[in-house]
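Notes follow the structure.
There are 2 protein chains.
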Amino acid sequence: MSSSGFFILTPICSIGALVFALYLALSIMREDEGNDKMKEIALAVRVGARAYLKRQYLGVALFFAVMFIILLWMASQKYLVIFVPFAFLTGGFFSGLSGFIGMTVATQSSNRTAAAAMKSLNSGLRVAFSSGAVMGLTVVGLGLLHLAAWYYFLDWYYSGHPIPANMDKITAITSAMLTFSMGASSLALFARVGGGIFTKAADVGADLVGKVEAGIPEDDPRNPAVIADNVGDNVGDVAGMGADLFESYVGAIVATSALGVAAGLGVAGVTVPMVMAAVGIIASVIGTFFVSTKEDATQQALLTALRKGVWGSSLIMAIASYFLVRWILGVEHIGIYWSVLAGLLAGVIIGVVTEYYTSSSFKPTKSIADQSLTGPATVIIAGLSVGMMSTALPVLVVGAAILASYFLSGGASDFNAGLYGIAIAGVGMLSTLGITLATDAYGPVADNAGGNAEMAGLPPEVRKRTDALDSLGNTTAATGKGFAIGSAALTALGLIAAFNSQVVLLGKTMNLSLLNPNLLVGLFIGGMLPFLFCSMTMRAVGRAAGLIVVEVRRQFKEIAGLMQGKANPDYARCVTIATAAAQKEMVLPSLLAIVAPVLTGILIGLEAEMGLLAGATVTGFVLAVMMANSGGAWDNAKKYIEEGYHGGKGSQAHKAAVVGDTVGDPFKDTSGPSLNILIKLMSIVAIVFASFVMSVSLF
Amino acid sequence: MSSSGFFILTPICSIGALVFALYLALSIMREDEGNDKMKEIALAVRVGARAYLKRQYLGVALFFAVMFIILLWMASQKYLVIFVPFAFLTGGFFSGLSGFIGMTVATQSSNRTAAAAMKSLNSGLRVAFSSGAVMGLTVVGLGLLHLAAWYYFLDWYYSGHPIPANMDKITAITSAMLTFSMGASSLALFARVGGGIFTKAADVGADLVGKVEAGIPEDDPRNPAVIADNVGDNVGDVAGMGADLFESYVGAIVATSALGVAAGLGVAGVTVPMVMAAVGIIASVIGTFFVSTKEDATQQALLTALRKGVWGSSLIMAIASYFLVRWILGVEHIGIYWSVLAGLLAGVIIGVVTEYYTSSSFKPTKSIADQSLTGPATVIIAGLSVGMMSTALPVLVVGAAILASYFLSGGASDFNAGLYGIAIAGVGMLSTLGITLATDAYGPVADNAGGNAEMAGLPPEVRKRTDALDSLGNTTAATGKGFAIGSAALTALGLIAAFNSQVVLLGKTMNLSLLNPNLLVGLFIGGMLPFLFCSMTMRAVGRAAGLIVVEVRRQFKEIAGLMQGKANPDYARCVTIATAAAQKEMVLPSLLAIVAPVLTGILIGLEAEMGLLAGATVTGFVLAVMMANSGGAWDNAKKYIEEGYHGGKGSQAHKAAVVGDTVGDPFKDTSGPSLNILIKLMSIVAIVFASFVMSVSLF
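Residue numbers (the working numbering), protein chains in the order written: chain A, 1291 to 1989; chain B, 1291 to 1989.
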């Protein structure tokens, strides 16, 4: 079969993924919705989440309109090919759509998961996991379909229209498509940052007044911010994450395609990542059938249940990619297969390392729990320290993956082949995204199911089941973030290399020496940007949470009989406040990603911009791992104490652990997971604006 | 005058500095020692501090012995010139001696400062500042004298002995001297880390049980850890800081000298940094006479008093260096002067920025205090956020200084001249170290004077005066750290460039392209190392503090009548515990600095080692600024609340702020300030081991 023959798998598998997702969604809808109270709560969350998303998409639409005009102007000045502005729109649209669909299903699934958990743990797991799988398959299905459609269109277009100078057809196609993930990345950043601010402002606000001041349990219906908290799980951890991983997936594939063509592989260089992603979808769907558990399963058994799915899919991919590379590229390029395997393996190892540092079964998280005996300060110091320590192994693993994928694909004799190897390792890591995202997106559904059960006053054994599912979700979420950031490092390197090729194509050779002072200064600026970005997003959470705290306190004071359960709080007001705050606060950090590289390029030159991208990738990677793992470990240390250690719930130790968990919230759900988008978006912005920056740069 | 004529200023000024320091020390000794109780307390602190330093120097001596043998073996194998092992010893010795002298004077000054504060605020300031000045002048005096002595020795030696192949005499001299700061840096790292662990373990331990659990004030004599806490200020903030800045000073000068010779400036390239440092000593001494204040001075007035000294010295330097460069290098090299000025200016700006982010007169620190109303979690989030935000301007300022010093000294046409410009900007920044260090080292003396006043039960107005002096010390300490880390970035770049020259000299040309995968992996590893290092040191503080907490609790429980003030606590036991813990815990993080670059070089190649150094410099710089400023801001936010805001002392807000301050302790006094040594020590290790690594590297 020719390589274009294989290509047909791409639309087939992506449409297949969407059909299977639809089937899963429909079967979720057929599940029992629970009693009226449960339905009512779920409806409130659904309404709040939709309202938020509507407002967010309106705000983002404005940004997209402005950017579209800028890109259109740039295209009219020949800085860009004309497709870029339009692909920017479609990328953003499908990224947003992925998030929207995932969230819609998730908000339908929480009460159904709670209802199923009334029957058994396994039923609950099945519903929640199906909801996650819908999300996972929607993201990969839409992502791949979007790329395939553009590929076919450009292929058709360039068959009848002139190809840009100095290019052959496939170079023209990939060079255009490279810029297409800018729309997806922009939307993802807004969704992650905005959703992240919303969810953590609501969570922190609800906890600070509810748990700490008023002493009522989590998800207590008397807490006015409790619906906002549940809405937040959906808009941040589901919709935000969906958009985020859509962006990762698309970005990895287009970067690899472009480098494949630069490596002289022609159409086959594009076919490999696309078809590998397509086969990854099949592997993911097969994997979903492996996931089930039995009643009274331990945490470890539940984790094994999910792992069977993920590792099963990875194994299928490990085998299938061998034949794919062999058939499409020929046995002389089999080295590329080893690069893919390096990426897959690195992903699995990062997952295991993440679990070690964030699960309460192991020493690091237990050590944080131990420190709770001496108060909140030592909990914070221990948590930061665990997070910082946890960066070492992922860096070494990613480093090993970079070297392995570079040299195994022939980098020693052919630089471009090596770069292609690095990029395709990223695709390998993400190829099973369908199922890894399912295990990740399952978490917030379980979390919401717990909230639903608590607010609806379901019997304690149900809450115990949803708690077990939720706690598992913390670990899978941390693992998922490890995947996202690990692949981001590889993809960002691919994009940086692509940026260099783009500049070379424009006729300029950069002095990329580490001792070039402009590049060094760029490296410093880039190294600082993730810190600045995290500062902005954490302050935003702090400010927004402050507004929620004031509102919750006000309601506790002004609504008579609220604490006695005789009157209802005004849930909607908290949702509105969080929505407005998130919208306002997401603007500046997101603009940073676009303005910083362009401005650096103009003022200190393209070499400084290269330095900036490299510096941001390094610091962003390390900081993201640290924040995700600190946050996960604090959360699980708190849960560990709640299981009865160190005095259990309500003890001084528990109060100290809650402080850690609260600090960890913006770490793991706002600032940390946005960083992987930040570094890729900056790289894509650099590529898109390269020609423009070159023509106006002062250096 | 010939350039060697100018050189004579170096030994003259350094001996002058030591003589003036001796004069100041003697005049401090003539001050009133206070009453018997005050003498007794001071004695206890002095004894504890000496005991600690003795034990630390014994442990470090062992390390030096091992390294000496390794270096001796390397010299025997011709990997190094034979002077390196000996210079390693002398560097370590003088660095340790600087710390020892500074600490001896500081421990004599605390009770005298308290006694002087009984008279007036100005008397107290004068004694405390004199003590700081002794330290500052000792550091610069010994540092410069050590370098001058080696220079004269090598100059004499190479006049009668064969010069190594491919070198002229001055190259042989500077190439040997370049490695001489390894001893100083090694000792500094041990002193900073060990002292930092001691001081913060004692401080955190004392606060956690005393202030938080038992509710007794800071420095209350009933607290068994109170003497250890005061000892800690001396061994960490005085002896550690002295060794640290000795290392910075020496490192900056030797790196600049080596680059000056590489830039073809010959002996003059060495003379300029040396003589500039010498003139900086004169400027510093003049500056000390500007420092005085009047009774009832506000914080701002006190700060102005110190600033008059620092800025006065900087102004003198700014004028003097013009003539120095003109006379020694000639008017055609006047660009070098502008590089020096860029460094001086960058130092002053970083100081101002640091003050903005850490002083309670400004918004950032006030915003942390505001967040204390919603509890410790929001205090932590706000403090981290302020610290992260505060990295932006220093990075931009240092970036501007790099570009300015590179291009103004002629980098556009001569790469080596540009590198010399960057390095000499670092010397410019440090030239007034005599006085900036005086304002910094003054802080712990004031802090201890407060402790002495409190424990001796002096009247409240005395404590108020020492508190005012202490609070000022927090700001000057933060400013001093800004200086240390700002100059470290410039020096580290100089050392990285020198490492490259060294490798070139050895006959290998490195591929320093940012897209070289080995270099990229090195960049990742280097970017991660500061995080790993901070994790290790923070855990160490946590563990050591835990031991103190247990001991203090035990004494409160077991010693009858302790809380009623009827029985004395066992102070010495806390000192012993902290000493033992610090010695044990300082080993691993310090070894990291030596093992990581060598191992990376062997396993992934010299290019990866270059990447590692650059990555560590970037992340280390940003992280150090963040940690120093977060810590300073938390401390001052707490002090701000203690002035009566948000409910004042003992309120919930105050308790929350104490948590922030406690987290900030290891940030600002252990992990953060060690980073600047870490990045330079790794660079020097790379240089020293370059020849060895090259011969055994696998890549």
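Cβ coordinates follow ideal geometry from the N, Cα and C atoms, glycine included.
Candidates the options: closest to residue i by CA position
i       : options                            : result
B/S1421 : B/G1382, B/Y1627, B/G1532          : B/G1532
A/Q1873 : A/A1315, A/L1348, A/Y1935, A/F1310 : A/L1348
A/T1394 : A/V1335, A/D1757, A/T1866, A/Y1441 : A/V1335
B/F1723 : B/D1497, B/Y1441, B/Y1539          : Going by the sequence as given, residue 1723 of chain B is Leu instead of Phe. It is B/Y1539.
A/A1351 : A/W1363, A/L1634, A/A1339, A/G1381 : A/G1381
A/G1940 : A/E1503, A/A1548, A/L1549          : A/E1503
A/L1759 : A/K1929, A/F1358, A/F1354, A/V1551 : A/K1929
A/A1743 : A/E1330, A/G1306, A/I1618, A/A1315 : A/E1330
A/A1491 : A/V1953, A/S1920, A/L1316, A/T1681 : A/V1953
A/V1688 : A/G1641, A/L1796, A/W1617          : A/G1641
B/V1676 : A/A1830, A/E1321, A/I1618, A/I1712 : A/A1830
A/T1561 : A/I1571, A/V1615, A/T1588          : A/V1615
Beta-carbon proximity list for residue i, same chain, < 6 Å, skipping 5 on both sides
i       : result
B/K1327 : A1746
B/M1291 : Bear in mind that a pLDDT of 47 at B/M1291, under 50, signals an unreliable position, so the number given afterwards is only what the model happens to contain. Within the same chain, B/M1291 has no close Cβ partners at all.
A/A1728 : G1422, A1423, G1426
Span separating the alpha-carbon of residue i from that of residue j
i       : j       : result
A/N1520 : A/A1311 : 24 Å
B/M1917 : B/V1494 : 17 Å
A/L1971 : B/V1557 : 50 Å
A/L1878 : A/S1985 : 27 Å
B/N1801 : A/S1803 : 8 Å
B/G1817 : B/D1527 : 27 Å
B/G1934 : B/Q1661 : 15 Å
A/S1304 : B/I1714 : 60 Å
B/F1989 : A/L1683 : 22 Å
B/M1457 : B/T1907 : 30 Å
B/S1777 : B/G1637 : 8 Å
B/G1733 : B/G1426 : 13 Å
B/L1893 : B/K1798 : 17 Å
A/L1634 : A/W1924 : 28 Å
A/S1651 : B/A1548 : 53 Å
A/M1564 : A/I1969 : 23 Å
A/A1595 : A/L1720 : 20 Å
A/R2031 : A/G1530 : Shown here, chain A extends from 1291 to 1989; a query on residue 2031 of chain A therefore has no answer.
A/M1467 : A/A1707 : 20 Å
B/S1920 : A/G1832 : 16 Å
Sequence-distant residues of its chain with Cβ nearer than 8 Å to residue i (five each side left out)
i       : result
B/V1949 : P1666, V1669, I1670
7 Å CB neighbourhood of residue i in its chain, flanking five on each side removed
i       : result
A/R1512 : I1506, L1852, M1853, G1855, P1859
B/A1478 : S1385, A1533, D1534, F1536, E1537, I1967
B/S1973 : A1782, L1785, I1786, F1789, L1903
B/A1339 : M1393, T1397, V1521, N1524, V1525
A/T1765 : L1593, E1645, T1648, S1649
B/T1726 : V1600, G1770, F1773
A/S1987 : G1891, I1892, G1895, L1896
For residue j and residue i, believed in contact at Cβ under 8 Å, the rounded distance
i       : j       : result
B/A1407 : B/R1755 : 4 Å
B/L1370 : B/V1975 : Their Cβ separation, rounded to whole angstroms, is 12 Å, which puts B/L1370 and B/V1975 out of contact at 8 Å.
B/Y1861 : B/A1377 : Between B/A1377 and B/Y1861 the Cβ distance is about 40 Å, and since that is not below 8 Å, they are no contact.
Margin query: Counting beta carbon pairs with one atom in the segment 1654-1672 of chain B and one in the segment 1808-1817 of chain A, are three or more of them shorter than 8 Å?
Written below: Result no; under three Cβ-Cβ pairs closer than 8 Å.
Check: Is the segment 1906-1916 of chain A touching the segment 1954-1966 of chain A, taking contact as three or more C-beta pairs under 8 Å?
Finding: They touch, by the three-pair rule.
Checklist line | Touching by the beta-carbon criterion (3+ pairs, under 8 Å), the segment 1730-1750 of chain B and the segment 1393-1409 of chain B | finding: Taking 8 Å as the limit for Cβ pairs, the verdict is that the segment 1393-1409 of chain B does touch the segment 1730-1750 of chain B.
Notebook entry, point to check: Does the segment 1439-1455 of chain A come within contact of the segment 1748-1764 of chain A, defined as at least 3 CB pairs closer than 8 Å?
Noted result: Counting C-beta pairs with one atom in each stretch, the segment 1439-1455 of chain A and the segment 1748-1764 of chain A have fewer than three that are closer than 8 Å, which means they do not touch.
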